[in-house]
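Peer 1:
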Amino acid sequence: MTQKLVIIGAGMASGRVIEHLLDADPGAYDITLFNAEPRGNYNRIMLSPVLSGEKTYEEIVTHGDDWYAERGITCRFGEHVVKIDPEMKVVEGENGHVPYDKLVIATGSAPFIIPVPGHDLPGVISYRDLDDTNAMIEAAAKGGKAVVIGGGLLGLEAAAGLKERGMDVTVLHLTGHLMERQLDEAAGYLLRKDLEARGITVKTRASTKAILGEDRAQAVLLENGETLGADLVVMAVGIRPETRLATDAHLDVARGIEVSAQMQTSDPDVFAVGECVEFNGHLFGLVAPLYDQAKVLADSLLGKSNAFAVKELATKLKVTGCDLFSAGDFAEGETREDIVFRDPARSIYKRLVIEDDRLIGAVMYGDTADGSWFFGLIKDGTDIEEMRETLIFGPAFQGGASADPLSAVAALPPEAEICGCNGVCKGQITSAIEGGATDLGAIRATTKASASCGTCAGLVEQLLSVTLGEDYAAPQAQPVCGCTSHTHEDVRRLIKSRELKSLAAVWQELGWTTANGCHICRPAVNYYLLADWPLEYRDDPQSRFVNERKHANIQKDGTFSVVPRMWGGITTPDELRAIADAADKYAVPTVKVTGGQRIDLLGVRGEDLPAIWSDLNRAGLVSGHAYSKGLRTVKTCVGTDHCRFGTQDSTGLGIKLEKHLWGSWTPHKLKLAVSGCPRNCAEATCKDIGVVCVDSGYEIHVGGAAGMEIKGTEVLCKVATEEEAVEVISAMTQIYRENARYLDRIYKWLARVGLDWVKAQIVDDLENRRLLAERFALSQSIYRKDPWAEHAQNSATRAQYAPLANLTLEAAE
Amino acid sequence: MNWIDIGHISDIPLHGARVVKTPVGCVALFRTGEDEVFAADDRCPHKGGPLSEGIVHGQSVTCPLHNWVFDLSTGQAHGADEGRIGTYPVRVEGGRLLIDGGAIGKRSAA
Ligand SMILES: Cc1cc2nc3c(=O)[nH]c(=O)nc-3n(C[C@H](O)[C@H](O)[C@H](O)COP(=O)(O)OP(=O)(O)OC[C@H]3O[C@@H](n4cnc5c(N)ncnc54)[C@H](O)[C@@H]3O)c2cc1C
Ligand code: SF4
Ligand code: FES
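Residue numbers (our numbering), protein chains in the order written: chain Z, -5 to 807; chain Y, 32 to 141.
Here it is, written out as structure tokens:
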């Protein structure tokens, strides 16, 4: 007698099971197929093209009504199964029972909905089936704004589709870069750029707090307080295996329904397949493994032996024009090596991860043509030792015997483009070399190759070395660090000319060789970005030295020192009392007066920092930035207020300057002083910027230092009024901020550019001086703030100062 | 192993670290740009620098006191510097951070 087979769920996995089963033995089972959706099997992964309008629903149907009818399958579409009774071997649908001999659960998964307030308002849609897709198409027909929560595969496909349909789309993503599970930062950055180029707004590190609206969704409120208007909200944050039926039937369920390699559940007559299962700790969210499962399950149902095994997976995003590919494991590790290839002009990025001479991971963006070849190497565990040097160039470059790293360049045809910006091909460069060019500078001068963005300089140098052989001496300019061949000057210039506004943009566009820099380049680039783009760039605390990240100086024993600001060296009895109280309360071991006219509290425990700051804040004291590559102190003498020699109000000017400049970040620390007469009691002539008051006005000095090197200042200019003095000093600070290398004090930088150049810029050119001072003021409108208050008052930041957990306290047993 | 839940991955800043006090001393939990989490001693073998305050890059951390660099997966110092830091088993499951109680000298509470 034919056995009865009941299948719950007409999705992509069960569709395959039925096909295999009928192909092998059409008479083996009498099949009943339930589906909660009021339709049979369609190609779910093609919903995105349906959403974007590239396909219609009819085109993605895989099994039409006729198909089921011809094969004698009883279809119960639009009917939920509400219960399984494994003892009686019956399945309970909404419209009645069906007995089974064998049962297949293929219920797929349910979209995960973040339970924020407002998640159940009309206008909030998940992205799973045709009904969701149609609801989105309908909403988009009215135009307006859409917010997509989730920057993974699904969310981005939804966003691209809605944008295609004319909506104004914003994607919110919790972590720092899109599709972080499939892509590394660099590829995530390129993807973001592509999406932004098509008009989609992307917000990373954006956490949804609530969905706002009366009768339907109207806006999304973010954790940081920002509100985004929304006529439609799409939640695409993840999926969860749909296991409720199995759990109620007391089958073994972990995160998914647990199955053996034969797809059998803990009940021998019940099988499960697809996204609802868990095998050996693995869950599945892409169709390739489900198809493998379907084959195994069909064999199991027919009594043939077969076993399912987990294989490597590759991911692609189905957004027209966004070419990305990711497979295997691309994390870094001691025993792993990276091969990175970037062609910024064409937005191409490729990264291969190699371990023990095998390729174990690949991420590609922009040019994914070789993706399947790399994926093959990963799956087969091919030994790649022989082709390592040319591996990144793909299959086209394999086969030759040469393992010379330059051979790939040598093998390029003469018409291969080397410099994308200026459209210079290899042939032009080699003929320039034949015509006598022997270094990069000469190539730039004769062909313009590498003269714009400069990122092809490496390739040009390789060409020089291939063509000239031993006659070529590589240039010796000092790069920022081992992560790049660019100098500080190049990096600064390129950040400006190519408008790079994020760390990831710098890593990608300037061809960094590491994934996210190192302790040398990260602080430098972070500084360059914030100095050049004060409005757009957001400071990255993790790219700062601990002192600046924690707004206190780290001492040799790991404790910190806390220095409140004393404007121009002036304080009051109340402030002194507050400092004394804080010193008592936090058991500060050392209280010291510093050379910069302030009081230093040494030996404060890291955990106590936010608390001591809020005490000091309450007394009106703010951070002295004694830890910063920024404005530190403005030292003053007493001037006309008290001194019989004083010519001007040096204390008053010092306070004015400090209030104007505080909080600004500079390439290195910046110290000022104002002396009331040439007796120079404030030691203004060994400061980065010093003012010496004289009868006729103010002499402005620059380029002094009293640190590792002792240097007297040189006179920049003399001005008549305080206002002019403040403007010249602002402009001086700004020109230093915009031009110096990170970690160069003013005197070092002056030695490079010359005082005359600076004079021409800010003493002779009044318009330029004014513009510099304006840019300084603009930056100050963002950065002139007390970091202590920010950290002490923000509970999330404050928590960072405390240990994550304390496991030394044994719980009472 | 005896896995202890000590918090959520988002409690550690990306490219940053947080400290856990344990019976074997302070253990730092580092989170890399790729969202991997590593646990290692919070003490530099050079002069005891607090590694949790260092800059995290790739799978390494740079000590804030004198810039020694350690590989977080093996604990080994990079380059010319000699020495290593102890590392501890840590897992991330559903966003939760699980650390091996056995390795950090904590008896099971269960
Ligand atoms: C928009 C979109 C794009 C995607 N793109 C890709 C891609 O590009 N590449 C890729 O590999 N994967 C992609 N996927 C994932 C892929 O579609 C799934 O992995 C696959 O469909 C899962 O197959 P399944 O049979 O396990 O579940 P499903 O195909 O989800 O089918 C499960 C069916 O069971 C039904 N059901 C659930 N509970 C019950 C019940 N109690 N009673 C009756 N019926 C029930 C559901 O209604 C559903 O029809 C995409 C998914 C979506 C939503
Ligand atoms: S610098 Fe001149 S004005 Fe200032 S305290 Fe000294 S002597 Fe007096
Ligand atoms: S203490 Fe870590 S490098 Fe010196």
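Beta carbons: idealized from backbone N, C-alpha and C, even for Gly.
Locate the alpha helix (DSSP H) running through Z/C687, then write down its first and last residues.
Peer 2: Taken as a continuous stretch (DSSP letters only), Z/C687 belongs to no alpha helix (DSSP H), being part of the beta strand (DSSP E) at I683 to V688.
Peer 1: Quick check: the stretch 506 to 526 of chain Z against the stretch 793 to 801 of chain Z, are there 3 or more CB pairs under 8 Å?
Peer 2: Taking 8 Å as the limit for Cβ pairs, the verdict is that the stretch 793 to 801 of chain Z does not touch the stretch 506 to 526 of chain Z.
Peer 1: Taking the beta carbon of Y/H39 as the centre, do at least 16 other beta carbons fall within 10 Å, making it buried, or is it exposed?
Peer 2: So Y/H39 ends up on the exposed side.
Peer 1: Quick check on DSSP: helix, strand or coil for Z/A356?
Peer 2: Of the three classes helix, strand and coil, the one that applies to Z/A356 here is strand, per DSSP.
Peer 1: In its own chain, which residues sit with a C-beta less than 6 Å from the C-beta of Z/S773, not counting the 5 before and 5 after it?
Peer 2: Same-chain partners within the cutoff: P528.
Peer 1: Using 8 Å as the cut-off, can you tell me whether the stretch 583 to 603 of chain Z makes contact with the stretch 555 to 567 of chain Z, which would need three or more C-beta pairs spanning the two stretches below that distance?
Peer 2: Judged by Cβ distances under 8 Å, the stretch 583 to 603 of chain Z makes contact with the stretch 555 to 567 of chain Z, as three or more pairs qualify.
Peer 1: Please confirm if Z/R352 has its CB atom under 8 Å from at least one CB of chain Y.
Peer 2: Z/R352 does not count as touching chain Y.
Peer 1: Compare the C-beta of Z/N520 with all C-beta atoms of chain Y and state if any pair is closer than 8 Å.
Peer 2: So, not an interface residue.
Peer 1: Cβ of Y/P20 less than 8 Å from any chain Z Cβ?
Peer 2: Not covered by the structure: residue 20 of chain Y. The range shown for chain Y is 32 to 141.
Peer 1: Going along the chain, which residues of the stretch 532 to 563 of chain Z sit with their C-beta nearer than 9 Å to a C-beta in chain Y?
Peer 2: Result list: D534, P535, Q536, S537, R538, F539, V540, N541, R543, K544, I548, K550, D551 and G552.
Peer 1: Would you mind stating whether Z/P105 and Z/Y94 have Cβ atoms separated by less than 8 Å?
Peer 2: No, the Cβ-Cβ distance between Z/P105 and Z/Y94 is not below 8 Å.
Peer 1: With a CB to CB cut of under 8 Å and the five nearest residues on each side skipped, what residues in its chain are close to Z/K490?
Peer 2: Cβ neighbours of Z/K490 beyond the five flanking positions: D526.
Peer 1: Examine chain Y for any beta-carbon lying closer than 8 Å to the beta-carbon of Z/P20, and answer yes or no.
Peer 2: No, no contact with chain Y.
Peer 1: Using 8 Å as the cut-off, can you tell me whether the stretch 35 to 49 of chain Z makes contact with the stretch 70 to 89 of chain Z, which would need three or more C-beta pairs spanning the two stretches below that distance?
Peer 2: Judged by Cβ distances under 8 Å, the stretch 35 to 49 of chain Z makes no contact with the stretch 70 to 89 of chain Z, as fewer than three pairs qualify.
Peer 1: Taking 7 Å as the line, does the beta carbon of Z/N29 fall inside it for any heavy atom of ligand 1?
Peer 2: Z/N29 Cβ: within cutoff of ligand 1.
Peer 1: Under 8 Å, CB to CB, which of the residues in the stretch 95 to 123 of chain Y have a partner in chain Z?
Peer 2: Taking 8 Å as the Cβ-Cβ cut-off against chain Z, the residues of the stretch 95 to 123 of chain Y that qualify are P95, L96, N98, V100, D102, S104, T105 and Q107.
Peer 1: With 8 Å as the C-beta to C-beta threshold (strictly closer), list the residues of the stretch 42 to 58 of chain Y near chain Z in chain order.
Peer 2: Answer in chain order: D42, I43, P44, L45, H46, G47, R49, V50, V51, K52, T53, P54 and C57.
Peer 1: Residue range of the beta strand (DSSP E) that Y/C57 falls in?
Peer 2: Y/C57 -> beta strand (DSSP E) spans G56 to R62.
Peer 1: Rounded C-beta distance between Z/E542 and Z/L615? I'm assuming under 8 Å.
Peer 2: Going by Cβ atoms, the distance from Z/E542 to Z/L615 rounds to 19 Å, so no, they are not a contact pair.
Peer 1: Cβ of Z/T835 versus every heavy atom of ligand 1: is any distance shorter than 7 Å?
Peer 2: With chain Z represented from -5 up to 807, any question about residue 835 of chain Z goes unanswered, as that position is not in the structure.
Peer 1: Compute every distance between the C-beta of Z/R122 and the non-hydrogen atoms of ligand 4, then say whether any falls below 7 Å.
Peer 2: For the structure depicted, ligand 4 is absent and the ligand set comprises only ligand 1, ligand 2 and ligand 3.
Peer 1: Are there any heavy atoms of ligand 1 lying less than 7 Å away from the beta-carbon of Y/R49, as far as the coordinates show?
Peer 2: No, ligand 1 has no heavy atom inside 7 Å of this Cβ.
Peer 1: Could you give the first and the last residue of the continuous alpha helix (DSSP H) run that contains Z/F368?
Peer 2: Its alpha helix (DSSP H) spans residues G365 to D374.
Peer 1: In the DSSP assignment, find the alpha helix (DSSP H) that holds Z/P43 and state where it starts and stops.
Peer 2: That run of the alpha helix (DSSP H) goes L41 to S46.
Peer 1: Indicate the three-state DSSP secondary structure (helix, strand or coil) for Z/R626 in the structure shown.
Peer 2: In the structure shown, Z/R626 sits in a strand (DSSP, three-state: E or B).
Peer 1: Of the residues Z/Y521, Z/T507 and Z/C475, which one's Cα is nearest the Cα of Z/I496?
Peer 2: Inspection of the sequence shows that residue 496 of chain Z is occupied by Ser rather than by Ile. Closest option to Z/S496, Cα to Cα, is Z/Y521.
Peer 1: For the stretch 315 to 335 of chain Z and the stretch 172 to 180 of chain Z, state whether three or more C-beta atom pairs, one from each stretch, are separated by less than 8 Å.
Peer 2: These segments touch.
Peer 1: Return the bridge partner residues of Z/P105 from the DSSP annotation.
Peer 2: The partner list for Z/P105 (beta bridge, DSSP) reads Z/I233.
Peer 1: So, does the CB of Z/A605 fall closer than 8 Å to a CB anywhere in chain Y?
Peer 2: Not an interface residue.
Peer 1: By the 7 Å beta-carbon criterion, what residues does the stretch 311 to 340 of chain Z contribute toward chain Y?
Peer 2: Those would be A325, E326, G327 and E328, in chain order.
Peer 1: Leaving out five residues before and five after Y/V123 in sequence, what residues of the same chain have Cβ atoms less than 7 Å from its Cβ?
Peer 2: Correct list, in chain order: I40 and V68.
Peer 1: Among the residues of its own chain, which have a CB less than 7 Å from the CB of Y/G64, if the five just before and after it don't count?
Peer 2: For Y/G64, where only same-chain residues beyond five positions count, the Cβ hits under 7 Å are L45 and H46.
Peer 1: Spatial neighbours of Y/G89 within its chain, please: C-beta separation below 6 Å, excluding the five flanking residues on both sides.
Peer 2: Around Y/G89: no qualifying Cβ.
Peer 1: Look at Z/T645 and Z/G562 and say whether their C-beta atoms are less than 8 Å apart.
Peer 2: For Z/T645 and Z/G562, yes; Cβs fall inside 8 Å.
Peer 1: Quick check on Y/L129 - is its C-beta less than 8 Å from some C-beta in chain Z?
Peer 2: No - not a single Cβ of chain Z is within 8 Å of the one on Y/L129.
Peer 1: List the endpoints of the continuous beta strand (DSSP E) containing Z/V474.
Peer 2: Unbroken run through Z/V474: none, as it is neither H nor E.
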